[in-house]
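S.K.: Numbering-wise, the sequence shown is residues 0 to 426 according to numbering that gives the first Met the number 0.
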Amino acid sequence: MAKAKTIQAPKGMRDILPEEQRYWRHVLKKAEPLLEFFGFEKMETPILESTELFTRSVGEGTDIVEKEMFTLRTKGGDSLTLRPEGTAPTVRAYIENGMSVRPHPVKLYYAGPFFRHDQPQKGRYRQFYQLGAETIGDGSDAVDAELIFLGHKLLSGLGLGGYNVHINSIGDSNCRPAYVKALKDYYKNRIKKLCPSCKVRLKTNILRMLDCKEEGCKEIAKDAPQTVDYLDDDCKRHFKHVLEFLDEAKVPYILNPHLVRGLDYYTRTVFEFLPEESAGAQSAVISGGRYDKLIEMLGGSKTPASGWAMGLDRVVEALKDNNISIPDSKPKPKVFLAQLGDAAKRKSLVLFEALRRAGVETKSSLGRDSIKSQLRIAHRLGVKFTLIMGQKESLDGTIILRDMDASTQETIPMEKIVDEVKKRLKA
Ligand code: ATP
Ligand code: MG
């Protein structure tokens with residue numbers, strides 16, 4: 000038969016192999032207790048959501064809705080989308096599960112895969128992983144500062160110093176219209192120099208023009224009007240207090256008057272954690288901001304909220320790039336259980352379980368028949384003892400205990416072996 004053609008993972012999607020797992024486990028092991036300490040509770044939402052959840056929240060005219068969603072039609076004719084981000088699903092769940100009756104703020108976090116039809120490259124995948132934190136039901140500046148502080152602590156706790164918080168305030172529905180008008184006037188006079196997408200954005204989502212990654216548009220954006228000059232008194236005060244909190248907590252930040260974020264639902268504070276050295280287009284490890292309008296937009300009652308999402312793929316890559324040593328949490332095996340013959344093989348599974356219950360780190364290789372090859376594995380694993388159950392031993396209820404360092408062995412009654420091993424490992 001001809002060798003069958005192999006099949007590859009979809010473009011921009013990858014396997015996370017066993018040897019990679021410790022990085023991911025390490026990040027969550029550090030992050031989750033920190034989030035819990037700050038009062039965040041974990042929740043999960045489905046991988047698929049109604050397409051409308053994202054078109055209504057993230058918004059038409061954004062990269063996500065325009066080009067990045069994986070959308071499918073069910074046999075029943077519904078349009079579903081693989082979640083491209085976690086805030087809208089969290090808010091949907093908050094509303095749907097009546098969480099508005101809980102004591103506020105409701106603080107939630109999540110971790111899992113997200114999907115965007117992005118152009119794959121280092122740090123940018125079509126299936127990627129985010130850890131997100133959301134504080135729902137509190138409009139105060141302290142909440143924004145707490146979230147940023149938490150992100151900062153998380154990164155530094157992972158040994159990833161070297162990130163700056165780029166921060167801005169984009170105002171709210173009271174003051175943003177005046178800013179949008181000023182921006183429109185500015186861009187209208189420069190329309191010829193804009194990229195094709197920005198020509199469309201001028202009509203659909205003008206704030207996003209400041210976020211354009213085309214060189215020409217970036218150049219034009221440099222002299223564009225700045226949001227901070229248009230903030231009303233409340234928004235200005237809010238922003239000032241956030242910054243005062245960050246000063247007090249010694250979180251390094253950079254005022255970035257053109258930071259707008261790609262999504263529609265943000266109000267007031269927006270921020271991104273970018274590496275100190277390169278401000279590359281795909282280098283943000285945490286992005287977030289306040290979204291006081293989103294809960295209403297999704298059919299809930301007027302509720303302020305704020306949050307961020309951390310790109311776990313980028314964090315794991317940063318851990319590797321910075322050669323940060325990750326503790327290998329895997330326990331070292333102390334005992335190898337070898338067997339010879341069918342009867343012994345059957346009995347060895349029961350003994351294996353008895354050793355596990357007794358807390359003795361044991362390995363075995365049930366599929367193997369030759370004692371020689373099993374002993375070779377035992378040596379490779381560096382165990383202290385090998386237990387050998389042969390045909391004879393399995394019949395008379397005994398087992399051979401081999402001391403690997405001393406190369407000595409003795410026969411022990413089966414019912415005593417677990418205690419004997421425990422005793423000798425302690426000695
Ligand atoms: P970018 O400008 O890099 O496309 P974004 O503004 O689209 O980012 P957000 O929607 O704010 O990103 O997502 C939050 C975080 O998720 C980002 O800061 C980043 O770390 C991560 N992220 C976003 N898209 C991807 C992707 N395609 N692959 C890997 N990580 C991603
Ligand atoms: Mg993006």
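Glycine included, every Cβ here is placed at the ideal spot set by N, Cα and C. The structure presented is a predicted model; accordingly, all values stated were derived computationally and were not measured.
I'd like to confirm something about residue 285: is its beta-carbon nearer than 8 Å to some heavy atom of the ligand MG, or not?
M.R.: For the ligand MG, not one heavy atom lies less than 8 Å from the Cβ of residue 285.
S.K.: Can you give the Cα-Cα distance for residue 385 and residue 366, rounded to whole angstroms?
M.R.: Distance between the alpha carbons of residue 385 and residue 366: 17 Å.
S.K.: Between the C-alpha atoms of residue 425 and residue 382, what's the straight-line distance to the nearest angstrom?
M.R.: Cα-Cα distance, rounded: 14 Å.
S.K.: In terms of alpha-carbon separation, which member of 396, 317, 225, 24 lies closest to residue 160?
M.R.: Here the closest residue by C-alpha is 317.
S.K.: Measure from the alpha carbon of residue 244 to the alpha carbon of each residue in 143, 185, 83, then state which is nearest.
M.R.: Comparing Cα-Cα distances from residue 244 to each of 143, 185, 83, the minimum goes to 143.
S.K.: For the ligand ATP, any of its heavy atoms closer than 8 Å to the Cβ of residue 312?
M.R.: It does: the Cβ of residue 312 is within 8 Å (strictly closer) of some heavy atom of the ligand ATP.
S.K.: Is it the case that the CB of residue 62 approaches a heavy atom of the ligand MG more closely than 8 Å?
M.R.: Yes.
S.K.: In its own chain, which residues sit with a C-beta less than 7 Å from the C-beta of residue 401, not counting the 5 before and 5 after it?
M.R.: Result list for residue 401: 384, 385, 387, 408, in chain order.
S.K.: So residue 323 and residue 158 are in contact, right, with Cβ under 8 Å, and what is the actual spacing, rounded?
M.R.: Going by Cβ atoms, the distance from residue 323 to residue 158 rounds to 4 Å, so yes, they are a contact pair.
S.K.: What are the boundary residues of the beta strand (DSSP E) that includes residue 402?
M.R.: Residue 402 -> beta strand (DSSP E) spans 397-402.
S.K.: Less than 6 Å between C-beta atoms, sequence neighbours within five positions excluded: which residues of the same chain meet that for residue 154?
M.R.: The residues are 162.
S.K.: Run the proximity test for residue 260: is its beta-carbon closer than 8 Å to any non-hydrogen atom belonging to the ligand ATP?
M.R.: Checking the Cβ of residue 260 against the ligand ATP gives yes.
S.K.: Which of helix, strand or coil does DSSP assign to residue 287?
M.R.: Note: residue 287 maps to strand in three-state DSSP.
S.K.: From the DSSP output, which residues share a beta bridge with residue 272?
M.R.: In the DSSP output, where bridge partners are listed per residue, residue 272 has 164, 285.
S.K.: So, residue 116 versus residue 270, is the Cβ gap smaller than 9 Å?
M.R.: Their beta carbons are not under 9 Å apart, which means residue 116 does not touch residue 270 by this criterion.
S.K.: Where residue 356 and residue 418 are concerned, what is the direct C-alpha to C-alpha distance, given to the nearest angstrom?
M.R.: Those two C-alpha atoms are separated by around 12 Å.
S.K.: Hey, quick one: how far does the alpha helix (DSSP H) through residue 432 stretch, first residue to last?
M.R.: The chain is shown from 0 up to 426; residue 432 falls before or after that span and cannot be answered.
S.K.: Would you kindly work out how many angstroms separate the C-alpha atoms of residue 127 and residue 298, rounded to a whole number?
M.R.: Straight-line Cα distance between these residues: approximately 29 Å.
S.K.: Roughly how many whole angstroms lie between the Cα atoms of residue 174 and residue 292?
M.R.: Distance between the alpha carbons of residue 174 and residue 292 is about 14 Å.
S.K.: Note down the Cα distance separating residue 111 from residue 21, rounded to an integer number of angstroms.
M.R.: Their backbone Cα atoms lie some 16 Å apart in a straight line.
S.K.: Should residue 392 go down as buried or exposed, given a rule of 16 or more other Cβ atoms within 10 Å for buried?
M.R.: Per the 10 Å Cβ criterion, buried.
S.K.: On the criterion of 16 or more Cβ atoms from any shown chain inside 10 Å, does residue 351 qualify as buried, or is it exposed?
M.R.: So residue 351 ends up on the buried side.
S.K.: What residue from 334, 405, 404 has the CA that sits closest to residue 420's CA?
M.R.: Of 334, 405, 404, the residue nearest in Cα terms is 334.
S.K.: Quickly, what does DSSP pair residue 388 with across the bridge? List them, please.
M.R.: Residue 388 pairs with 338.
S.K.: Using a Cβ-Cβ cut-off of 7 Å (strictly less than) and excluding sequence neighbours within five positions of residue 265, which residues of its own chain qualify?
M.R.: Around residue 265: 169, 288, 289, 290.
S.K.: The ligand MG heavy atoms versus the CB of residue 379: any closer than 8 Å?
M.R.: No, since every heavy atom of the ligand MG falls outside the 8 Å radius drawn around the Cβ of residue 379.
S.K.: Got a sec: does the ligand ATP put a non-hydrogen atom nearer than 8 Å to the Cβ of residue 337?
M.R.: Residue 337 Cβ: outside cutoff for every heavy atom of the ligand ATP.
S.K.: Which residues in the same chain have their Cβ closer than 7 Å to the Cβ of residue 209, if we skip the five residues on either side of it in sequence?
M.R.: Excluding residues within five positions, the ones whose Cβ falls inside 7 Å are 220, 223, 257, 259.
S.K.: If you draw a straight line from the C-alpha of residue 427 to the C-alpha of residue 171, how long is it?
M.R.: There is no way to answer for residue 427, as the model of the chain reaches only from 0 to 426.
S.K.: With which residues is residue 308 paired in a DSSP beta bridge?
M.R.: Answer by DSSP bridge pairing, in chain order: 131, 286.
S.K.: Give me whichever residues DSSP pairs with residue 123 in a beta bridge.
M.R.: Answer by DSSP bridge pairing, in chain order: 120.
S.K.: For residue 54, which option in 75, 263, 339, 215 has the closest C-alpha, if you only look at C-alpha atoms?
M.R.: Answer by Cα proximity: 263.
S.K.: Count the other CB atoms, across all protein chains shown, that sit within 10 Å of the CB of residue 16; report buried if there are 16 or more and exposed otherwise.
M.R.: It is exposed - the Cβ of residue 16 has fewer than 16 other Cβ atoms within 10 Å.
S.K.: Buried or exposed for residue 71, going by 16 or more other Cβ atoms inside 10 Å?
M.R.: The residue in question, residue 71, is exposed, as its Cβ has fewer than 16 Cβ neighbours within 10 Å.
S.K.: State yes or no: is the C-beta of residue 41 within less than 9 Å of the C-beta of residue 109?
M.R.: Closer than 9 Å, so yes.
S.K.: Please state the DSSP three-state secondary structure of residue 361.
M.R.: Here residue 361 sits in strand by DSSP.
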